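This report refers to the structure that appears directly beneath it.
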Amino acid sequence: MGRRTWIARLRGLVLMVVYDAAREWLWQMIWRSRRPRRRDQIVRCEDGGEMALHHLYEEEGEGVGVLILHGLTGDGVDSFAHELARGIRSLGFGRVATSSRRGCGELRFGSTSISHAAAEADVAALVDAFDCRSLVVVAASFGGLLALRYAANPSPKVCAVFCVCPIVSPARNERYVAQMPFGRRIDAAVAQRLVSQFNRARYPAVLPKVDRVRDFDGVVTVAAAGFSSVDAYYAAAEASNVEVRVPTMLCNAADDPVVDPAALPSSTGQLRVHLTPSGSHCGDPRGILAQLVVSLRGGTGSYHARALAAFLADVL
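Under UniProt numbering, the first residue of the sequence shown carries the number 1, and numbering increases by one thereafter.
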């Protein structure tokens, strides 16, 4: 790894930490008490698993609905999901809902069903449960991987898919993080967040020792989802070669410390790939000050919400 590359990745890592900390702090201090009253809808899967739709904005009418899918260690009511939802709402979208996948958020207590990267059928279940004629799927990070795979066989009511910093290749991403400055610490931190997110009671002797995402997938995801190995799971979740059948946009950053930009597919057919020089992971490419202003406004002026609106104006 060259010196410039190392510095760029380190800068992206610092920005990610700053973005996340600022967003969460401002959410807790300012916007938590002003969040919209939500209506929760439990979505039951055929195998007995449960997910949730969190309807945040529900205006009357036949407008396009927006479904937001969260990242690997988040849920549908975290600060990022609320900020993105509010930003989208501020641009005129009257029906916006976030979602919580299996085992995430409030659904983790007592649950033995978890989400995984090859479960695009779960996206289909959330889409079917959202009562509207036309729907846009907006997803971030790990959720973007699910949404991109889902775009290969979407419901007729899905008119577009928009992904913020999606992971497109779990196997390549694992190697990418390992080469990052402090890559092992990043991996361990994400793994421990996964441990705390899911029910430890089911695996009391194993989960506290997990220090890599691969280890977590090896002892939890593979067993829960029925894959033969971690490598088989990552191969099944590969999305770099997906042929989408609905207008789809990937919005990634070149300095993302956890998503390998080299793994992104090329723009072709209905797929558009937009790579910004900066922005880190799910942050504002315009810089720290712009991100702070957006967070202070509770999402109004969000870069990704505006990019979504421009994309939809072009394809719909």
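In this text, a Cβ means the ideal position worked out from N, Cα and C, and glycines have one as well.
Note that the structure is predicted; figures quoted are calculated from it, not measured.
| Of the listed residues 157, 102, 21 and 56, nearest to residue 47 (C-alpha basis) | For residue 47, the nearest C-alpha among the options comes from 102.
| At what residues does the alpha helix (DSSP H) containing residue 185 begin and finish? | It spans 183-197 - the alpha helix (DSSP H) in which residue 185 sits, taken as one unbroken run.
| field | Residue nearest to residue 282 in terms of C-alpha spacing, selected from 150, 43, 115 and 163 | value | The shortest C-alpha separation from residue 282 is found at 163.
| query | When you compare only the Cα positions, how much space is there between residue 41 and residue 8? | reply | Each residue's alpha carbon lies about 42 Å from the other.
| task | Report buried or exposed for residue 289, applying the criterion of at least 16 other Cβ atoms within 10 angstroms of its Cβ. | result | By the neighbour-count rule (16 or more Cβ atoms within 10 Å), residue 289 is not buried but exposed.
| task | Assuming residue 75 contacts residue 104 (C-beta within less than 8 Å), just tell me the rounded distance between them. | result | Confirmed, about 4 Å.
| request: Determine the extent of the alpha helix (DSSP H) in which residue 142 is found, giving its start and end residues. | output: Taken as a continuous stretch (DSSP letters only), the alpha helix (DSSP H) holding residue 142 covers 142-150.
| Between residue 211 and the rest of its own chain, which residues show a CB-CB distance below 7 Å, the 5 nearest in sequence each way excluded? | If we look at residue 211 and ignore the five residues flanking it on each side, its Cβ neighbours are 188 and 191.
| said: Quick check: what's the CA-CA separation for residue 86 versus residue 298? | reply: If you take the alpha carbons of residue 86 and residue 298, they lie about 7 Å apart.
| task | Mind checking which residues open and close the alpha helix (DSSP H) that includes residue 291? | result | Going by DSSP, residue 291 is part of the alpha helix (DSSP H) stretching over 288-296.
| Any contact of the segment 12-32 with the segment 266-275, i.e. 3+ C-beta pairs under 8 Å? | At 8 Å Cβ cutoff, the stretches do not touch.
| request: Determine the DSSP secondary structure at residue 128, reduced to helix, strand or coil. | output: Three-state result, residue 128: helix.
| message | If contacts are defined as beta-carbon pairs under 8 Å, then residue 143 and residue 71 qualify, I think. What distance do you get, rounded to the angstrom? | response | 6 Å between Cβ atoms; contact.
| request: Tell whether a beta-carbon distance below 8 Å holds between residue 256 and residue 173. | output: Inclusion of residue 256 and residue 173 in the CB contact set at 8 Å is not warranted, their separation being larger than that value.
| field | Complete runs of the beta strand (DSSP E) confined to the segment 18-48 [at least 3 residues] | value | Fully contained in the segment 18-48 are the following beta strand (DSSP E) runs of length 3 or more, in chain order: 39-44.
| task | Flag this pair as yes or no: are the beta carbons of residue 233 and residue 221 separated by less than 8 Å? | result | Cβ atoms of residue 233 and residue 221: closer than 8 Å.
| task | Jot down the residue ranges of each uninterrupted beta strand (DSSP E) in the segment 231-290, minimum 3 residues, whole runs only, in chain order. | result | Entirely contained in the segment 231-290, the beta strand (DSSP E) runs reaching 3 residues are, in chain order, 248-253 and 271-276.
| request: Kindly list the residues whose CB is nearer than 7 Å to the CB of residue 158, restricted to its own chain and excluding five residues on each side of it in sequence; keep chain order. | output: Cβ within range, chain order: 127, 135, 137 and 246.
| message | One question on the structure: do residue 52 and residue 113 come within less than 8 Å of each other, judged by their Cβ atoms? | response | It is not a contact, given that the beta carbons lie outside the stated cut-off.
| Excluding sequence positions up to five away, which residues of its chain have a Cβ less than 8 Å from the Cβ of residue 294? | 83, 87, 284, 300, 301, 302 and 303, listed in sequence order.
| field | Inter-residue spacing [alpha-carbon to alpha-carbon] between residue 120 and residue 291 | value | Between the alpha carbons of residue 120 and residue 291 lies a distance of about 31 Å.
| Whose C-beta lies closer than 6 Å to the C-beta of residue 358 among residues of the same chain, with five residues either side of it excluded? | Only positions 1 to 316 of the chain appear in the structure, and residue 358 is not among them; the question remains open.
| Skipping 5 residues on each side, what residues in its chain have a beta carbon closer than 8 Å to that of residue 171? | So the list reads 231, 234, 235 and 238, once near-sequence residues are dropped.
| request: Return the bridge partner residues of residue 57 from the DSSP annotation. | output: The partner list for residue 57 (beta bridge, DSSP) reads 96.
| Three-state secondary structure (DSSP) at residue 63? | If DSSP states are grouped into helix, strand and coil, residue 63 belongs with coil.
| request: Just the C-alpha distance for residue 24 and residue 166, rounded to the nearest angstrom, thanks. | output: Here the alpha carbons of residue 166 and residue 24 stand approximately 21 Å from one another.
| query | Apart from the five residues on each side of it in sequence, which residues of its chain come closer than 6 Å, Cβ to Cβ, to residue 79? | reply | Here the set comprises 23, 24 and 27.
| The beta strand (DSSP E) with residue 164 in it runs from where to where? | Run containing residue 164: 158-164, per the beta strand (DSSP E) assignment.
| field | For residue 79, the first and last residue of its enclosing alpha helix (DSSP H) | value | 79-89 is the extent of the alpha helix (DSSP H) around residue 79.
| task | Tell me whether residue 37 is buried or exposed, calling it buried when 16 or more other Cβ atoms sit within 10 Å of its Cβ. | result | Of the residues assessed, residue 37 falls on the exposed side of the cut-off, its CB having fewer than 16 other CB atoms within 10 angstroms.
| said: Please report the distance separating the alpha-carbon of residue 97 from that of residue 306. | reply: Rounded to whole angstroms, residue 97 to residue 306 spans 17 Å at the Cα level.
| query | Just checking my contact of residue 146 with residue 123 at CB under 8 Å: how many whole Å lie between their CB atoms? | reply | Indeed they touch by this definition, with Cβ atoms about 5 Å apart.
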